[in-house]
Amino acid sequence: MKNIKLGNVISALFLILTFLANSSVAYANVIYYPSSWASQKVAISVTAGITPVDFDTIPFNKSITRLDFCELLLNTCRTFGITLPSAPMSSPFSDTTDINAVNAYMLGLTQGTDAGLFSPEMPLTREMAAVMLSKLRILFQYTTDNNNKNIDWNNIGNNQNYSSDRYFKNRNTVSKTSTGSLTYTEPMDGQQAIQTLSKYSTDGDLISSWAKIYMADVYTRGILSGTGEGKLDPQSYITREQAVLLSFNVLSYCDESQIRAAGVKECILPMPTGIYISESYYRGDVYLRWNDIPLASAYDVTVFKNGISSYTTRTENNYLDLRTSSSTYNRDTKAYDITEYTNTLYSTIFGDDKQRIHVTLNVVPVNSNGEPSVFFLTDEFTIEPWANKNEMIFGDSTKTSFTSNSEALLSMTSIKVNIWKLTTSGTKVTSTLYLTVNKNVAENVKKIFTDIYNGKEKFPIKSCGAYAYRNGTSEHTSGTAIDINPQENYFIEWSGLIKVGALWQPGKNPYSISSDGDVVRAFNRYGWHWSPDMLWPNGADYMHFSLGGK
Numbered sequence: 103m104k105n106i107k108l109g110n111v112i113s114a115l116f117l118i119l120t121f122l123a124n125s126s127v128a129y130a131n132v133i134y135y136p137s138s139w140a141s142q143k144v145a146i147s148v149t150a151g152i153t154p155v156d157f158d159t160i161p162f163n164k165s166i167t168r169l170d171f172c173e174l175l176l177n178t179c180r181t182f183g184i185t186l187p188s189a190p191m192s193s194p195f196s197d198t199t200d201i202n203a204v205n206a207y208m209l210g211l212t213q214g215t216d217a218g219l220f221s222p223e224m225p226l227t228r229e230m231a232a233v234m235l236s237k238l239r240i241l242f243q244y245t246t247d248n249n250n251k252n253i254d255w256n257n258i259g260n261n262q263n264y265s266s267d268r269y270f271k272n273r274n275t276v277s278k279t280s281t282g283s284l285t286y287t288e289p290m291d292g293q294q295a296i297q298t299l300s301k302y303s304t305d306g307d308l309i310s311s312w313a314k315i316y317m318a319d320v321y322t323r324g325i326l327s328g329t330g331e332g333k334l335d336p337q338s339y340i341t342r343e344q345a346v347l348l349s350f351n352v353l354s355y356c357d358e359s360q361i362r363a364a365g366v367k368e369c370i371l372p373m374p375t376g377i378y379i380s381e382s383y384y385r386g387d388v389y390l391r392w393n394d395i396p397l398a399s400a401y402d403v404t405v406f407k408n409g410i411s412s413y414t415t416r417t418e419n420n421y422l423d424l425r426t427s428s429s430t431y432n433r434d435t436k437a438y439d440i441t442e443y444t445n446t447l448y449s450t451i452f453g454d455d456k457q458r459i460h461v462t463l464n465v466v467p468v469n470s471n472g473e474p475s476v477f478f479l480t481d482e483f484t485i486e487p488w489a490n491k492n493e494m495i496f497g498d499s500t501k502t503s504f505t506s507n508s509e510a511l512l513s514m515t516s517i518k519v520n521i522w523k524l525t526t527s528g529t530k531v532t533s534t535l536y537l538t539v540n541k542n543v544a545e546n547v548k549k550i551f552t553d554i555y556n557g558k559e560k561f562p563i564k565s566c567g568a569y570a571y572r573n574g575t576s577e578h579t580s581g582t583a584i585d586i587n588p589q590e591n592y593f594i595e596w597s598g599l600i601k602v603g604a605l606w607q608p609g610k611n612p613y614s615i616s617s618d619g620d621v622v623r624a625f626n627r628y629g630w631h632w633s634p635d636m637l638w639p640n641g642a643d644y645m646h647f648s649l650g651g652k
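Converting from the sequence shown to my numbering requires adding 102 to each position, the first position being numbered 1.
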């Protein structure tokens with residue numbers, strides 16, 4: 103009986119070991135699949151040769167490492183047609199000799215994480231990805247006449263003729279360092295990057311200084327999108343499937359033949375690619391401009407008025423000028439001089455409607471062979487029925503002020519907004535604020551204070567004022583100026599003399615307005631100006647926001 107039991111035990115153990123062995127084989131060969139929202143582009147990327155053959159042996163929703171991302175980018179280079187660098191005598195990094203890390207360094211896509219360190223297994227953050235993607239985009243667009251193909255790393259910097267490149271007039275956009283690695287001219291200046299990030303994101307201040315310019319570049323070109331609610335989440339990690347899509351995006355942005363061959367017929371470039379389109383215009387100042395798209399010889403433009411197509415054209419320009427007037431600030435009269443001129447295109451498209459118009463603009467790049475691209479830009483905006491700000495504020499395009507308090511009050515209205523109040527214990531609580539403003543800016547003022555209230559700062563408001571009839575050119579008289587926390591946001595002359603208020607200590611005093619904080623961003627988002635940004639000749643009024651900058 104014991105022998106039978108022992109035999110049964112041995113048989114059972116054999117079966118268990120066999121099962122475990124087979125399970126190990128099965129587990130070793132397991133294949134993972136991307137999320138449904140990413141599956142199409144991942145499949146195209148496999149066909150295009152971007153993803154390596156073993157990429158699906160690790161879950162797609164796992165964070166990608168710096169090394170694996172470099173492999174994706176180098177595969178993207180090969181697909182694009184770039185000849186990769188010759189291997190140097192020794193690795194520039196002490197923690198890896200992997201050829202993908204070395205080639206990424208030689209291409210100038212990364213300098214590592216510290217002196218001599220690459221950190222191959224470190225999870226890749228969104229801002230790290232942005233830097234590499236932006237530089238790769240520049241490299242792809244550093245082109246010869248043969249349509250961005252057959253760029254040899256070994257010849258870059260050796261006096262090749264790139265003068266015919268219509269996108270990069272600066273021949274030093276890509277050059278070589280003394281060590282043989284590539285270096286790149288920055289795609290925009292730092293101030294432009296800060297303005298762009300401030301306008302289109304709510305967390306641009308979280309981006310490291312070394313990444314701001316590159317994040318702004320790939321974000322405004324639609325290569326890297328936000329994560330929702332205006333956030334870029336620069337410190338969060340990139341998943342493996344997101345990394346594939348980013349590699350796919352930079353390739354298809356510069357050369358759409360791969361996705362066209364895969365059968366993709368339409369691909370909307372995500373916002374804010376058309377960064378020069380505002381949310382709202384006046385009737386006389388509609389000027390639409392979009393980013394120049396690589397290899398576009400022209401653009402097919404369609405304008406939809408209240409949902410109905412009202413205008414189509416093909417243009418070589420990356421703008422559509424519908425302006426019928428222009429305004430120039432006159433420092434002598436301290437008022438705007440309005441110049442009217444004839445432009446029949448506006449009335450051709452929109453007629454003479456006196457109601458607010460909702461507009462959609464579609465822009466499709468046209469390839470050199472005359473074929474519309476699979477990419478297109480789209481954006482929506484509104485046109486106010488007034489010719490300019492003067493007509494909106496005063497009811498007359500040539501009028502610059504109200505003549506009396508009674509006249510001004512006819513154009514004012516009272517609004518209620520939610521704000522944060524600071525209690526004596528230091529906690530912030532919700533409160534309400536009533537403001538009297540010009541009735542034609544009331545809705546936007548509500549949106550401004552909603553954005554401030556919903557901002558991460560929860561900026562507290564102790565006191566606030568808007569309309570107040572005064573002599574002179576103050577915009578408080580027209581109901582288009584707002585002062586916030588006057589005591590903690592002084593008006594100071596350039597000589598250093600404080601005229602109004604007591605201090606301005608952002609970061610130290612909770613009531614002081616930060617130059618890159620939620621309050622300034624909210625006002626800028628809706629076309630209002632902060633006094634310190636306007637460089638008034640008599641000083642800076644840190645409490646003061648106005649529609650016209652006065």
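Positions of the beta carbon are idealized from the N, C-alpha and C atoms, including for glycine.
Just so it is clear, the structure is predicted and the values come from calculations on it, not from any experiment.
Span of the beta strand (DSSP E), counted from its first residue to its last, around residue i
i    : result
N591 : 591–594
E482 : 477–486
L512 : Here L512 belongs to no beta strand (DSSP E), and DSSP marks it neither H nor E.
L422 : 421–423
P467 : 459–468
T538 : 530–540
D89  : Past the edges of the chain, shown from 103 to 652, lies residue 89, and the structure says nothing about it.
A583 : 583–586
Cβ neighbour criterion (16 or more within 10 Å) applied to residue i
i    : result
V539 : buried
M494 : buried
S533 : exposed
I657 : Since the first residue shown for the chain is 103 and the last is 652, residue 657 is missing from the structure and cannot be characterised.
M191 : exposed
T414 : exposed
L175 : buried
V155 : exposed
Y316 : buried
Y536 : exposed
L512 : exposed
N261 : Note on N261: pLDDT 38, under 50, position unreliable in the model; the coordinate value appears next. So N261 counts as exposed.
W632 : buried
D585 : buried
N202 : buried
Nearest-angstrom Cα separation, counted from residue j out to residue i
i    : j    : result
L637 : S221 : 46 Å
M514 : Y355 : 48 Å
G650 : W630 : 7 Å
V148 : W139 : 16 Å
F452 : T462 : 12 Å
N469 : V476 : 10 Å
L732 : T552 : Any answer about residue 732 is impossible in this case: the structure gives the chain only from 103 up to 652.
A295 : E229 : 14 Å
A232 : T526 : 43 Å
I563 : T285 : 47 Å
L326 : N351 : 8 Å
G79  : M224 : Residue coverage of the chain in this structure runs from 103 to 652, which leaves residue 79 outside it and unanswerable.
D335 : S310 : 11 Å
F647 : E381 : 19 Å
K548 : E482 : 20 Å
F195 : L209 : 15 Å
T199 : I166 : 19 Å
A318 : E358 : 22 Å
S499 : T441 : 10 Å
Heavy atom of the ligand HEM within 6 Å of residue i beta-carbon
i    : result
D291 : Of ligands this structure carries none, so the ligand HEM is not represented either.
Opening and closing residue of the alpha helix (DSSP H) in which residue i lies
i    : result
K314 : 314–322
K549 : 544–556
S354 : 342–356
D170 : 168–182
A206 : 201–208
D620 : 620–627
G332 : Element bounds for G332: n/a, residue is neither H nor E.
Cβ separation of residue i and residue j, assumed to be a contact under 8 Å, to the nearest whole Å
i    : j    : result
W522 : Y571 : Not really, about 29 Å apart at Cβ, beyond 8 Å.
T185 : I152 : With 8 Å as the limit, T185 and I152 do not qualify as a contact, their Cβ atoms being about 17 Å apart.
Y384 : E486 : 5 Å
I615 : Y644 : 6 Å
V622 : T582 : No, V622 and T582 are not in contact; Cβ-Cβ is about 17 Å, not under 8 Å.
L238 : R168 : 15 Å between Cβ atoms; not a contact.
L424 : N445 : 7 Å
The segment 301–310 touching the segment 273–283, judged by at least three CB pairs closer than 8 Å: no
Three CB pairs or more closer than 8 Å across the segment 392–408 and the segment 460–474: yes
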